[in-house]
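Undergrad:
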Ligand code: CAA
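In the working numbering, the protein residues as written are -5 to 248.
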């Protein structure tokens, strides 16, 4: 039997962690599709991707980019249809798109709440719902939800984000049970503080105080999260489902 072509969709694929995941899965031999919302940024990103270097060799990375607002079911549906028509069944889905709108609850506006819940949690339903039937029909799939340490422990100023990120893992566990017999695994990765623009946007003195709470003594690298994605995608990881893998430098060990 011919091996199944691995087609990976990474939502928020042009962001900090998303870019590293695209690169890693490309090197693993997958067809990689990066979803984006911002067209101008995505075109620039794609040009840069062609020139990424590794081991001093020029490595051209051919990543497809596809537009879609994953917080919106209709937009997601158009995007998935385009992918399935042009490339085939998405059998690896990395729900990675996420935003922050930090504020203590007493100052949080409804818009800050809804934007975060829509982008970080409703997107997980939208994307997964639209690819799950293809995976079931194929009898193979990998769904990986990129959550956060702050969904595990909570964080001052992040009731919206922590709620969405904790919700992602509830989704993981329920769906893992539903599709366990179909050759599909569903897992969560909970990164700690990673050196991306999202974390760098935190006020410097607060960020330094957070870093002082990380036993390893530094921020993580996006590649350290991409490595876990690659591990979960591999054939050898088929017994791992419904789990939540932390990668946080020891900041939370619950
Ligand atoms: N615990 C308890 N009290 C705290 C606190 C904490 N962690 N942080 C702040 N406070 C207190 C302050 O001491 C202050 O008290 P006083 O008024 O008595 O002096 C009060 O709360 C107000 O604090 P701020 O001045 O910080 O309030 P602000 O409105 O200016 O800022 C905030 C609020 C923007 C949420 C800011 O606190 C902040 O940036 N916090 C960090 C949020 C964070 O970690 N975001 C992560 C983004 S990256 C990410 O999310 C990726 C990932 O997955 C890890």
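Using N, Cα and C, we set each Cβ at its ideal position, and we do this for glycine too.
Run through DSSP, which three-state label would residue 232 get?
TA: Looking at residue 232 - three-state DSSP - the assignment turns out to be coil, as it is neither helix nor strand.
Undergrad: For a test of the three-state rule: what should DSSP assign to residue 118, helix, strand or coil?
TA: helix
Undergrad: Leaving aside the five residues before and after residue 112 along the sequence, list all residues of the same chain whose C-beta is less than 6 Å from its C-beta, in chain order.
TA: 65
Undergrad: Between residue 11 and the rest of its own chain, which residues show a CB-CB distance below 8 Å, the 5 nearest in sequence each way excluded?
TA: 90, 140, 185, 188, 190, 216, 219 and 220
Undergrad: Using 6 Å as the cut-off, classify the Cβ of residue 149 as near or not near the heavy atoms of the ligand FAD, replying yes or no.
TA: The ligand FAD is absent from the structure shown, which contains only the ligand CAA.
Undergrad: Taking only three categories from DSSP, how would you classify residue 47?
TA: Caution is warranted here: a pLDDT of 49 is assigned to residue 47, below 50, making its placement in the model unreliable, and the coordinate value is therefore given only provisionally. DSSP places residue 47 in strand when its eight states are reduced to three.
Undergrad: Just checking residue 118 against the ligand CAA - is the residue's beta carbon closer than 6 Å to any of the ligand's heavy atoms?
TA: no
Undergrad: In terms of residues, what are the limits of the alpha helix (DSSP H) holding residue 136?
TA: Premise fails: residue 136 lies in the beta strand (DSSP E), 135 to 140, not in any alpha helix (DSSP H).
Undergrad: Using DSSP with H/G/I as helix, E/B as strand and the rest coil, what is residue 168?
TA: For residue 168, the secondary structure class from DSSP, reduced to helix, strand or coil, is helix.
Undergrad: Please classify residue 100: is it buried, with 16 or more other beta-carbons within 10 angstroms of its beta-carbon, or exposed?
TA: exposed
Undergrad: How would you call residue 17, buried or exposed, if buried means at least 16 neighbouring beta carbons within 10 angstroms?
TA: buried
Undergrad: Is residue 192 near the ligand CAA, going by C-beta to nearest heavy atom under 6 Å?
TA: yes
Undergrad: Return the CA-CA distance between residue 40 and residue 106, expressed in angstroms with no decimal places.
TA: 30 Å
Undergrad: Can you tell me whether residue 187 sits near the ligand CAA, meaning its C-beta is under 6 Å from at least one heavy atom of the ligand?
TA: yes
Undergrad: Please state whether DSSP places residue 86 in a helix, a strand or coil.
TA: strand
Undergrad: Tell me which residues share the same chain as residue 121 and place their Cβ nearer than 7 Å to its Cβ, disregarding the 5 neighbours each side in the sequence.
TA: 5, 64, 70, 87 and 89
Undergrad: Using the rule of at least 16 other Cβ atoms within 10 Å of the residue's Cβ for burial, across every protein chain shown, is residue 56 buried or exposed?
TA: Residue 56 is exposed by the Cβ-count criterion.
Undergrad: Using the three-state DSSP reduction, which class does residue 161 fall into: helix, strand or coil?
TA: helix
Undergrad: Looking at the strands, I want to know which residues DSSP matches up with residue 60.
TA: Residue 60 pairs with 29.
Undergrad: With which residues is residue 181 paired in a DSSP beta bridge?
TA: 138
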